[in-house]
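Okay, so here's the structure we're looking at.
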Amino acid sequence: MAAKCLAFVVAGCVAVLAGAALPETKVEVKKTHICCPQCEKAVAKVLEKAGVKGAASKDDGKITFSADDDKKAQKVLDDLAAAGFHGDTGNKDLKIKDDSGVKEGKVTSLTLKGAHNCCALCNKAIKETLKKVDGVDSDDAKAKSDTIIVKGNFDGKAVVKALNDAGFHVATEKEKEKPKDK
Ligand SMILES: [Cu+2]
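Residue numbers (my numbering): 4 to 185.
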């Protein structure tokens, strides 16, 4: 009986040690735009390419994954952003970067690239988001096209923020021309 108890304690210790020996960074990205199985698949592709385990769910708009360490986790977040997904990690250090390159101030036209827009539902969400921004008159967002030209008289930053808040990561044309370090 005593030996059996000891065995349990030892097994418990081994399990704890094994867990500690494999540090990993778990990330939960909330408020992303995941509206359909195609969106889920797009995220799964990014995670698979990065070599991390995780998933996206259209039910709660969350992307969850675990990486070996913070550095790797940040790289995955950068990859998700490059694929057009934006979201909130609730973490100041590990987050989807504010790298749109948009300038402060009013503009009459703004070309944005990189948004995840895989289907009519995505497109509808983008259009509805843009419509709500002060001074936006029109946009040419189309499903399956990642370029959006927004027209009107509006604050470019407000447009980018609205899209980010809706779960879409975008960048101004200039920013996208920079070579990506992969
Ligand atoms: Cu879609």
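Just so you know, even glycine gets a beta-carbon here, dropped at the ideal spot from N, CA and C.
In this structure, the alpha-carbon of residue 114 lies about 31 Å from that of residue 62. A Cβ-Cβ separation of about 5 Å places residue 154 in contact with residue 140 under the 8 Å criterion.
If you check the C-beta of residue 124 against ligand 1, you find a heavy atom less than 7 Å away.
Residue 112 has 154 as its beta-bridge partners, per DSSP.
Between the stretch 109 to 123 and the stretch 143 to 160 there are three or more C-beta pairs closer than 8 Å, enough to call the two in contact.
Remark: C-beta atoms of residue 97 and residue 118 do not approach each other more closely than 8 Å. At least one heavy atom of ligand 1 sits closer than 7 Å to the Cβ of residue 41. The straight-line gap separating the alpha-carbon atoms of residue 54 and residue 162 is approximately 33 Å.
Bridge pairing for residue 142: 153 [DSSP]. In this structure, residue 146 keeps its C-beta atom at 8 Å or more from the C-beta atom of residue 130. In this structure, the beta-carbon distance from residue 102 to residue 165 does not fall below 8 Å. Straight across, the Cα-Cα distance linking residue 128 with residue 94 is about 26 Å.
Excluding sequence positions up to five before and after residue 176, its CB lies within less than 7 Å of the CB of 114, 116, all in the same chain and listed in chain order. Within the same chain, Cβ atoms closer than 6 Å to the Cβ of residue 83 are found at 49, the five residues on either side in sequence being excluded.
Within the DSSP secondary-structure output, residue 31 pairs in a beta bridge with 67.
Here residue 45 is buried: its Cβ has 16 or more other Cβ atoms, across all protein chains shown, within 10 Å.
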